[in-house]
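Before any comments, here is the structure.
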Amino acid sequence: GKEAIGPSAFVLRGFALPCVDELLSGLREVEQRAAFRHLVTPGGFTMSVAMTNCGRLGWISDRRGYRYGEHDPETGLPWPAMPAAFARLAQASAAEAGFAGFQPDACLVNRYEPGTRLSLHQDKDERDYGAPIVSVSLGMPATFLFGGLARSGKAARIPLVHGDVVVWGGPDRLRYHGVLPLEDRPHALLGSRRINLTFRKAG
Ligand code: MD3
Ligand code: FE
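In this note's numbering, each number is its position in the sequence shown, counted from 1, plus 111.
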């Protein structure tokens, strides 16, 4: 099923379920080479979400700002390659939502624990806003906040569970969004964690 949550934003319920095993083994490879870490914002706050990346470009934040780069600043090594199962799912999800030919060069991996939240923000660090963004939810359920083009507007609350995929593009690409603090509702495979894979064309 394809649920529209905006003019060009869709939830694909359970779309990732057939490839969860492959995604989780890909994730283990990625986190072995590039460990999860808590980044610091330019304002000096430590993010409650732990992050890592795979693909050619990785998203990072530090006191100097937000940006994409080819190397993990912790190790100096290139980010791990995007596992084939990640790239296939991202492309198939985008196509399902009407964005044929999506070729992400960046996958940000977010790890949430009980109490972790992501405050309302826009994704503005990518070069080309023409490409969609694909997000895959694994593990504990979360409530996603989907606002408008201004921070002040009222945000819709969208429940996301293990296996759900969301695709944003076109006029919805710059909408404010965030994640409410996670409740502790342990998941059979992932325990008290939520993993979100966010695929982007950043370069
Ligand atoms: C809505 N992560 O890492 S991607 C992020 O659950 C982020 O970890 C969310 O927001 C998470 O920046 C899910 C959701 C997302 C990405 C881009 C969007 C939602 C969006 C662009 C426009 C509107
Ligand atoms: Fe975001």
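Each residue gets a CB set at the ideal place from its N, CA and C atoms; glycine is no exception.
TODO: Name, in chain order, the residues that DSSP records as bridge partners for Y177.
DONE: Here residue 177 is taken as the residue at index 66 of the sequence shown, counted from 1. According to DSSP, which records beta bridges pairwise, Y177 is partnered with S172.
Task: Inter-stretch contact (C-beta, 8 Å, three-pair minimum) for the segment 245–263 and the segment 162–175 - done: With a cut-off of 8 Å, the segment 162–175 and the segment 245–263 do not count as touching, because too few Cβ pairs lie within range.
Task: E114 (DSSP reduced to helix, strand or coil) - done: Start at 1 with the first residue of the sequence shown, and residue 114 comes out as number 3. Strand at E114.
Task: Bounding residues of the alpha helix (DSSP H) (the contiguous stretch that carries T144) - done: Residue mapping note: residue 144 aligns to position 33 of the sequence shown, counting from 1. Reading off the sequence shown, one finds Arg at residue 144, where the question assumed Thr. Per DSSP, R144 belongs to the alpha helix (DSSP H) from V131 to R144.
Open item on the list: Quick check: does the Cβ of D234 come within less than 7 Å of any heavy atom belonging to the ligand FE?
Closed with: Taking the first residue of the sequence shown as 1, we reach residue 234 at position 123. Yes; taking the cut-off as 7 Å, the Cβ of D234 has a heavy atom of the ligand FE nearer than that.
TODO: Spell out a yes or no on whether the segment 282–296 and the segment 210–229 are touching, meaning 3 or more CB-CB pairs, one atom from each, closer than 8 Å.
DONE: Contact holds: three or more Cβ-Cβ distances are below 8 Å.
Task: Run of the alpha helix (DSSP H) containing L229, from where it starts to where it stops - done: Stepping through the sequence shown from its first residue, residue 229 is reached at position 118. Here L229 belongs to no alpha helix (DSSP H); instead the beta strand (DSSP E) covers L229 to H232.
- [ ] Would you list, in sequence order, the uninterrupted beta strand (DSSP E) runs of no fewer than 3 residues that lie entirely inside the segment 208–293?
- [x] 217–223, 229–232, 244–250, 253–257, 267–271, 276–279 and 288–290
Open item on the list: Between the alpha carbons of I244 and R228, how many angstroms are there, rounded?
Closed with: By one-based count along the sequence shown, residue 244 stands at place 133. By one-based count along the sequence shown, residue 228 stands at place 117. The alpha-carbon atoms of I244 and R228 are separated by roughly 20 Å.
Open item on the list: Applying the 10 Å Cβ sphere with the 16-neighbour rule, what's the burial state of S136?
Closed with: Here residue 136 refers to the residue found at position 25 when the sequence shown is read from its first residue. Label assigned to S136: exposed.
Task: Test item: CB-CB of F147 and A161 under 8 Å - done: For the purposes of this step, residue 147 is taken as residue 36 along the sequence shown, with counting starting at 1. For the purposes of this step, residue 161 is taken as residue 50 along the sequence shown, with counting starting at 1. In contact: F147 and A161 (Cβ atoms closer than 8 Å).
- [ ] Verify whether the separation of the beta carbon atoms of F310 and P184 is less than 8 Å.
- [x] In the sequence shown, residue 310 corresponds to position 199, counting from 1. In the sequence shown, residue 184 corresponds to position 73, counting from 1. Their beta carbons are not under 8 Å apart, which means F310 does not touch P184 by this criterion.
Open item on the list: Starting from A318, trace the beta strand (DSSP E) in both directions and tell me its first and last residue.
Closed with: The first residue shown for the chain is 112 and the last is 314, placing residue 318 beyond what the model contains.
Task: Same chain, Cβ closer than 8 Å to L150, neighbours up to 5 away in sequence not counted - done: As a working note, residue 150 is residue 39 in the sequence shown. T157, M158, M162, I171, S172 and D173.
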